[in-house]
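Right, one structure below, let's go through it.
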Amino acid sequence: MSALQTSTQCVSARSAQRLTPSDLRRARDLFRADGHFEQFAFEQNAEHEQEVAARIADALGMGSADLSETQVEVDAGLVGRFPVRLIHRHAIFPLRVEDGSLQIAVADPFDTHAVDAAGAAMEMSVVPVLVTSKELATLIKSQFGVGAETLDGMIAQSAGDESVQIVDDLEWGESEAAEMAQQASVVRLVNEILSEAVEARASDIHLESQARGMKIRYRVDGVLQTQPVPAELNRFQAAIISRLKIMSKMNIAEKRVPQDGRINLRVSGREIDIRVSIIPMHHGEGVVMRVLDKDAMSFSLKGIGMEDDTYSQFRELIRLPHGIVLVTGPTGSGKTTTLYSSLSEIKSERNKIITTEDPIEYQLDGINQIQVHAKVGLTFAASLRSILRHDPDVVLVGEIRDLETAENAVQASLTGHMVFSTLHTNDAAGAFMRMTDMGVEPFLVSSTLEGVMAQRLVRTLCEECREAWMPDRDDVPADFPLVEFTRGRPIFRPRGCRNCRGTGYRGRLGIYELLVTSDEIRQLTSEHIASNRVKKAAVAAGMRTLRQDGWLKVAQGRTSIDEVLRVTKSD
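Under the numbering used here, the final residue of the sequence shown carries the number 568; numbering is consecutive throughout.
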């Protein structure tokens, strides 16, 4: 814990301006109203909350620490002996014992009851260390997991907690499972799991039933991260799943077949749409929830990571009067975002845009969207035939999955419509072969397919902690253009900090491979030439491959070599 001491001394040394008694009273009142010192920091013209916390601690004669800059070495034995109820009730955390005194982290320096309760419980003198409430909450959650406070008996729960609100009305029966799912503790536990996922910027929530109990994982920036959970969570497993079924309007009594549903939430004032899928597994039902944060999405071609030359070429493609433009890549590679951004760029009062999607992920103003419903015969192909009778200028087909949909898309382009769609291929050149393999005549593919955008998503390096690195030739892949891209300048690699939850990455951006159909490629396609020949022709004409675009992002300091290696293969 020497690092903590050093941090405490440094923070205290920076607190030059001593606060007056009236300042402390104001700080106390604001903390009791808000639970943090952000407003007080603003009033004191402090750069951040940590700075004013150090000044408060200095005025009160206590130590302070910046947990965001300090690696706290948790004493598991000490935490095990410390009453958990005090941690949640008073927002305190035991740090260590030194010279017979217990050092605890506190968020409220004015709560003398917390110090007294800790001293009485441990039968020793207590030395409080002031930290920000946000950093303390992060520390507590890292040790006890999601929902620990709820499982400890809804300690310090206020009756007016409305951070998570269900937009739709719920209906439930009178079964024992339904009654258990509506218990206040279960409701709050599920709400905490959902709100924590939104706060962590998770795109998916995985609740996995295993032999040892329930496992919770969040997919953040495309990578699954296991969440620490208290052991007591296993007792609530059935109730949690029942609660999610009620929220997503599923059959709570059915546990033998897969079910799909949807939850509309308002989390801390933000509109959240959650798609829920429940499948029976060997040790119980498994739940996966796709989190769609409507307020966090911004559909802009300029904001998704395209290089200027790629953006300029793609912008010309999507403004063609007719033809087909495909976006390819695996599931979760950002294809829908690219297509939505394209539609947002070209929509106007002078054209009519209709989409057919499965499912409609985001509702776009000014665009007519159709939800595919295969059970009643409304497939991509069937809806596309109907769309053409509505006089559209631009049509988006969520995915070309079969010959019928592909042929309808080709016919739509031949009759003067611009068609956007997605396809599952490994690269841009593979789209031509994929269309012909479905059964579309090669000459039709070559005459209608105007361009293909292949893409992947890579994690972006955390701006707060990325570190410069001067690699040797042996440190990088053989195809990384070390001399050409770096020219003696360093590249960056991940390190990890509290801001990025120790991963070294925060956010994602796309890497792109744009193939614009040339006369040579049309000829190769009509002759049913293999996709590797098409790719060579495109590269010779100036196409930048996915791998090359990834290396360019590395040279710019936006991502790491490891990320490019994770999502691409060598050319």
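We treat Cβ as the ideally placed atom computed from N, Cα and C, and that holds for glycine.
Everything numeric in this text was worked out from a predicted model, so none of it was measured.
- Straight across, the Cα-Cα distance linking Met467 with Asp559 is about 15 Å.
- Glu35 sits in a helix when the DSSP states are folded into three classes.
- Per the coordinates, the alpha-carbon of Pro389 lies some 28 Å from the alpha-carbon of Leu289.
- The alpha-carbon of Arg492 is positioned some 14 Å away from that of Ser65.
- DSSP, read as helix, strand or coil, puts Ile508 in strand.
- In this structure, the beta-carbon distance from Thr514 to Glu447 falls below 8 Å.
- In the structure shown, Met244 falls within a helical segment according to DSSP collapsed to helix, strand and coil.
- Between the segment 295 to 313 and the segment 221 to 233, the count of Cβ pairs shorter than 8 Å is below three; the stretches do not touch.
- In the DSSP secondary-structure assignment, Asp290 is bridged to Ile269.
- Boundaries for Gln452: no alpha helix (DSSP H) harbours it, while the beta strand (DSSP E) harbouring it runs 446 to 458, taken from the DSSP string.
- Judged by DSSP in its simplified three-state form, Gly116 adopts helix.
- Note that the C-beta distance between Leu191 and Val285 is not below 8 Å.
- Under DSSP, the beta-bridge partners assigned to Ile213 are Leu204.
- Within the same chain, Cβ atoms closer than 8 Å to the Cβ of Pro439 are found at Thr433, Thr522, Ser523, Glu524, His525, the five residues on either side in sequence being excluded.
- Between the segment 199 to 212 and the segment 291 to 309 there are fewer than three inter-stretch CB-CB distances shorter than 8 Å, so the stretches are not counted as touching.
- In this structure, Ala24 sits near Phe34, with a CB-CB distance shorter than 8 Å.
- As for any beta strand (DSSP E) of minimum length 3 sitting wholly inside the segment 336 to 403, the runs are 350 to 354, 365 to 368, 391 to 394, ordered along the chain.
- Burial is judged here by how many other beta carbons sit within 10 angstroms of a residue's own beta carbon; Lys291 has fewer than 16 and is exposed.
- The three-state reading of DSSP puts Met415 in strand, counting E and B together.
- Residue pairing by DSSP places Gln545 in no beta bridge whatsoever.
- In this structure, Ala62 sits away from Val112, with a CB-CB distance that is not shorter than 8 Å.
- Assignment of beta-bridge partners to Tyr502 by DSSP yields Leu458.
- Apart from sequence neighbours up to five positions away, the residues of its chain that approach Cys494 with a beta-carbon distance below 7 Å are Cys459, Glu461, Cys462, ordered along the chain.
- Here Arg470 really is in contact with Leu479; their C-beta atoms are around 6 Å apart, less than 8 Å.
- Of the residues Ile249, Arg431, Arg216, the one whose Cα lies closest to the Cα of Arg503 is Arg216.
- Burial state of Ala451 is buried, judged by a 10 Å Cβ sphere holding 16 or more other Cβ atoms.
- Distance from the CA of Gly77 to the CA of His110, rounded to the nearest whole angstrom, comes to 21 Å.
- Beta-bridge pairing by DSSP links Ser139 to no other residue.
- Taking Met435 as the centre and dropping the five residues before and after it, the same chain places the C-beta of Leu400, Ala403 closer than 6 Å to its C-beta, in chain order.
- Excluding five sequence positions before and after Cys497, the CB atoms of its chain that fall closer than 6 Å to its own CB belong to Cys459, Arg503, given in chain order.
- Contact annotation, Ala428 with Thr325: C-beta distance approximately 5 Å; criterion of less than 8 Å satisfied.
- Residue range 73 to 78 is occupied by the alpha helix (DSSP H) that includes Gly74.
- Note on Ser345: under 16 other CB atoms within 10 angstroms of its CB, so exposed under the neighbour-count rule.
- In the three-state reduction of the DSSP assignment, Thr522 falls in the helix class, which pools H, G and I.
- Note on geometry: alpha-carbon atoms of Ser239 and Glu251 lie some 10 Å from one another.
- Taking the Cα of Leu340 as reference, the smallest distance to any Cα among Gly32, Arg563, Leu317 is reached at Leu317.
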